[in-house]
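In mature numbering (1 follows the signal peptide of the UniProt record, and there is no 0), the protein residues as written are -30 to -1, 1 to 386.
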Amino acid sequence: MVGRHTFWQRNRLPLLALLMVVLLMCSACTQNNTATNTQSQAFIKIGVSVSLSGDFSADGKATEQGYQLWADTVNKNGGLLGRQVKLDFLSDGSNTTQVVTNYQKLITNNHDDLVFGPYSTLLTKPASVVANRYGYAMLEGSGGGPSVFTQGLHNIFDVTAPIVNQMDSFVEYILSLPADQRPQTVAYATEDDPFTQPMIDRARQLLEQGGVKTVSYQVYPAETTDFTPIAQKIIASNAQLVVLGSMLPDATAYVQAFKQQHFNPKAIIASAGPDQGAQFTGPIGGSSVAEGIFFPNAWAPGLTTYQNAQMVQDYIAKYGGTADQISADTAEAYAAGQVLAQAVNKAHSIDNKQLLATLHAGNTFQTLQGDVKFNDVGENVDGKGFTFQWQGGSVQRVYPASIATAKPVYPKPNWP
């Protein structure tokens, strides 16, 4: 007993010192974990891949602006569930391989809480597959091609009207014209992009059913950079109506070629490009050159829809310009954010599983593009497409008449 007591007395100080070190280390770990948890709870991170270079760079920049403008607005009003929103942007260079890499990084490396979709159907298709693999909901506004919704996924939600139907109102207008004024012939040219081609093919089907004869139909690779041969075939067809499945670069090139060669059909409509405001009118020589050109869209700065006027005001304050110069891509991204905010509030959570259930529950959401309600594959069944036209230096809603701010100008005026 004496020996044991002596041993304890001899060793208790080192043992106590060791115990104190262990307790201090545990305390430090607890403090560090608490600090980390507190920091992670300070904001909600939302990952987004945007096209800041490549074919979609103009649209990508406008998309980035829309998401950022929405986040700024939300944060000014207290954030989501009382937490500030932080956007985590990565550039994909308009590349399908890079967009996959980006979403894998945003989810697995950056551990972002939520994700938004990229620009275009082409990039949304592979991006949505990655998000689905990790159980993430993906709200987006510019990936509405039919092929996005035939992948068997249940995590993708497009807040914009289905792309395939967006030229329907224009076709309806053309076929409503008196027979002696209606175009008799039509030329089509479209990228082989899943956004543009389905829309153009549907317009062709409807116009042919209405008796408008197809005199030229061209499909070309989305990577095309020289549009001269395509424009020449359209010009040679002497079509009275030209329907283009374009993005900004090819829409710009066609207008330049048509003007240079004095080819002036009765009507021109382009799926994208004319909707890009100054980014379209600048390269073609000003808004007077755009006079009479139609385009389909689901948004305009003058719509009296949910928060639209405030968004336009905030955009001009942050980025400058005028209301007519705001890209529809910006509105589409902003609308995706609006739906996310409402879904989060309904679910009282940012848990992706709960958000998926809320988005699939048949709820109706309000956006600056109008009401949003998703079917079982994530298409907005309440979304509507309208026809717009450049008139007098600005964009006017021209069809249907119920939402029109001006009557359509037809036939198209001569090039200035």
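Think of the CB as a built atom: it goes at the ideal place given N, C-alpha and C, for glycine as much as any other residue. Computed from a predicted model, the values in this text were never measured in an experiment.
Looking only at its chain, what residues have a beta carbon closer than 6 Å to the beta carbon of proline 383, apart from the 5 residues adjacent to it on each side?
Position 413 of the sequence shown holds residue 383. Cβ neighbours of proline 383 beyond the five flanking positions: Glu261 and Gly262.
Those residues which DSSP pairs with glycine 340 across a bridge
For this step, residue 340 is matched to residue 370 along the sequence shown. DSSP lists Thr337 as partners of glycine 340.
What are the boundary residues of the alpha helix (DSSP H) that proline 253 is part of?
Counting from one through the sequence shown, the residue named residue 253 turns up at place 283. Where proline 253 is concerned, the enclosing alpha helix (DSSP H) stretches over 248 to 254.
Whose CA, out of Phe264, Ile16 and Gly24, lies closest to the CA of threonine 195?
Here the question's residue 195 lines up with position 225 in the sequence shown. Selected option, being the one with the closest Cα: Gly24.
Are the segment 110 to 124 and the segment 342 to 353 touching, with three or more C-beta to C-beta distances below 8 Å?
yes
Please tell me whether valine 55 and tyrosine 73 are closer than 7 Å, where the distance is taken between their beta carbons.
If you number the sequence shown from 1, residue 55 lands on position 85. If you number the sequence shown from 1, residue 73 lands on position 103. Contact flag unset, no.
Compare the C-beta of isoleucine 126 with all C-beta atoms of chain B and state if any pair is closer than 7 Å.
Absence of chain B from the displayed structure is noted, only one protein chain being present.
Would residue 390 and threonine 300 qualify as a contact pair, given that the criterion is a beta-carbon distance under 7 Å?
Look at the range of the chain in this structure, -30 to 386, and you will see that residue 390 is not part of it.
Given this structure, state the Cα-to-Cα distance separating leucine 93 from leucine 22, to the nearest angstrom.
As a position in the sequence shown, residue 93 is number 123, starting the count at 1. As a position in the sequence shown, residue 22 is number 52, starting the count at 1. Rounded to the nearest angstrom, the two C-alpha atoms are 13 Å apart.
Beta-carbon within less than 6 Å of tyrosine 89's beta-carbon, same chain only, minus the 5 sequence neighbours each way: which residues are those?
Residue 89 sits at position 119 when you count from the first residue of the sequence shown. Answer for tyrosine 89: Ser21, Phe26, Asp29, Gly30, Thr33 and Ser112, listed in chain order.
What residues in its chain sit with their C-beta under 8 Å from that of threonine 6, if we drop five residues either side in the sequence?
Here residue 6 refers to the residue found at position 36 of the sequence shown. For threonine 6, the predicted model reports a pLDDT of 35, less than 50, meaning its position is unreliable; a value from the coordinates is still stated below. For threonine 6, where only same-chain residues beyond five positions count, there are no Cβ hits under 8 Å.
In angstroms with no decimal places, state the Cα-to-Cα distance between threonine 251 and alanine 223.
The residue you call residue 251 lines up with position 281 of the sequence shown. The residue you call residue 223 lines up with position 253 of the sequence shown. Rounded to whole angstroms, threonine 251 to alanine 223 spans 12 Å at the Cα level.
Run through the DSSP bridge pairs and tell me what glutamate 110 is partnered with.
Here residue 110 is taken as the residue at index 140 of the sequence shown, counted from 1. BP columns for glutamate 110 point to Asp128.
From the DSSP output, in three-state form, read off threonine -1 for me.
For this step, residue -1 is matched to residue 30 along the sequence shown. Reliability of the predicted coordinates at threonine -1 is poor, the pLDDT of 42 falling under 50, and no value is obtained from them.
Lysine 382 by DSSP, collapsed to three states: which one?
Taking the sequence shown and counting its residues from 1, the one referred to as residue 382 is at position 412. In the structure shown, lysine 382 sits in coil (DSSP, three-state: anything other than H, G, I, E or B).
Run through the DSSP bridge pairs and tell me what leucine 326 is partnered with.
On the sequence shown, position 356 is the one that residue 326 refers to. In the DSSP output, where bridge partners are listed per residue, leucine 326 has none listed.
Name, in chain order, the residues that DSSP records as bridge partners for valine 185.
As a working note, residue 185 is residue 215 in the sequence shown. Beta-bridge pairing links valine 185 to no other residue.
To the nearest angstrom, how far is the alpha carbon of proline 199 from that of glycine 48?
For the purposes of this step, residue 199 is taken as the residue at position 229 of the sequence shown. For the purposes of this step, residue 48 is taken as the residue at position 78 of the sequence shown. Near 54 Å, if we compare the C-alpha coordinates of glycine 48 and proline 199.
Would you list, in sequence order, the uninterrupted alpha helix (DSSP H) runs of no fewer than 4 residues that lie entirely inside the segment 12 to 67?
27 to 46
Residue from Asp352, Val379 and Ala371 with nearest C-alpha to threonine 130:
Along the sequence shown, one-based indexing puts residue 130 at 160. Of Asp352, Val379 and Ala371, the residue nearest in Cα terms is Asp352.
Hey, could you find the ends of the alpha helix (DSSP H) glutamine 283 is sitting in?
Stepping through the sequence shown from its first residue, residue 283 is reached at position 313. Start and end: 278 to 289.
Could you check the C-alpha separation between leucine 329 and threonine 67 for me, to the nearest Å?
As a working note, residue 329 is residue 359 in the sequence shown. As a working note, residue 67 is residue 97 in the sequence shown. Straight-line Cα distance between these residues: approximately 28 Å.
Name the DSSP bridge partner or partners of glutamine 366?
Reading the sequence shown from its first residue, position 396 is the one you call residue 366. Per DSSP, Gln359.
Kindly indicate the opening and closing residues of the alpha helix (DSSP H) around glutamate 142.
Numbered from 1 along the sequence shown, position 172 holds the residue referred to as residue 142. Run containing glutamate 142: 138 to 146, per the alpha helix (DSSP H) assignment.
Looking at the strands, I want to know which residues DSSP matches up with alanine 157.
The residue you call residue 157 lines up with position 187 of the sequence shown. Answer is Ser186 and Val212.
Taking only the alpha-carbon atoms, compute the straight-line gap between lysine 15 and proline 116 and give it to the nearest angstrom.
As a first step, residue 15 must be located in the sequence shown, where it is residue number 45. As a first step, residue 116 must be located in the sequence shown, where it is residue number 146. So the two alpha carbons sit approximately 29 Å from each other.
On the DSSP bridge assignment, give the partners of phenylalanine 264 in chain order.
Here residue 264 corresponds to residue number 294 of the sequence shown, with the count starting at 1. Paired residues: Ile239 and Gln359.
Per-residue burial, lysine 183 [other beta carbons within 10 Å of its own, 16 or more giving buried]:
By one-based count along the sequence shown, residue 183 stands at place 213. The residue in question, lysine 183, is exposed, as its Cβ has fewer than 16 Cβ neighbours within 10 Å.
Going by the beta-carbon positions, is the gap between asparagine 247 and serine 297 smaller than 7 Å?
Mapped onto the sequence shown, residue 247 falls at position 277. Mapped onto the sequence shown, residue 297 falls at position 327. Note that residue 247 corresponds to glycine in the displayed sequence, not to asparagine. Yes, the pair counts as a contact, with Cβ atoms nearer than the cut-off.
Beta-carbon within less than 8 Å of valine 185's beta-carbon, same chain only, minus the 5 sequence neighbours each way: which residues are those?
Reading the sequence shown from its first residue, position 215 is the one you call residue 185. Taken in chain order, the residues that qualify are Thr155, Val156, Ala157, Ser207, Asn208 and Ala209.
To the nearest whole angstrom, what separates the beta carbons of leucine 338 and glutamine 308, a pair I think is in contact under 8 Å?
Within the sequence shown, residue 338 is the residue found at index 368, counting from 1. Within the sequence shown, residue 308 is the residue found at index 338, counting from 1. Yes, they are in contact, since the Cβ atoms of leucine 338 and glutamine 308 sit about 7 Å apart, within 8 Å.
By alpha-carbon positions, which one of Ser319, Glu142 and Ala192 ends up nearest to glycine 181?
Here residue 181 corresponds to residue number 211 of the sequence shown, with the count starting at 1. When each option's Cα is compared against that of glycine 181, the closest is Glu142.
Taking the alpha carbon of aspartate 138 as the reference point, which residue from Gln336, Phe265, Ala311 and Gln38 has its own alpha carbon closest?
Here the question's residue 138 lines up with position 168 in the sequence shown. Cα-wise, what sits closest to aspartate 138 is Phe265.
Output yes or no for whether 7 Å exceeds the beta carbon distance between glycine 36 and alanine 303.
Along the sequence shown, one-based indexing puts residue 36 at 66. Along the sequence shown, one-based indexing puts residue 303 at 333. Yes. Within cutoff.
Cβ-based neighbour list, proline 144, same chain, cut-off 8 Å, excluding 5 preceding and 5 following
Your numbering for residue 144 matches position 174 in the sequence shown. The sequence shown places isoleucine at residue 144, not proline. Same-chain partners within the cutoff: Arg152, Pro153, Leu177, Gly180, Val182, Leu211 and Ala237.
Would DSSP call valine 85 helix, strand or coil?
Counted from its first residue, the sequence shown places residue 85 at position 115. Strand at valine 85.
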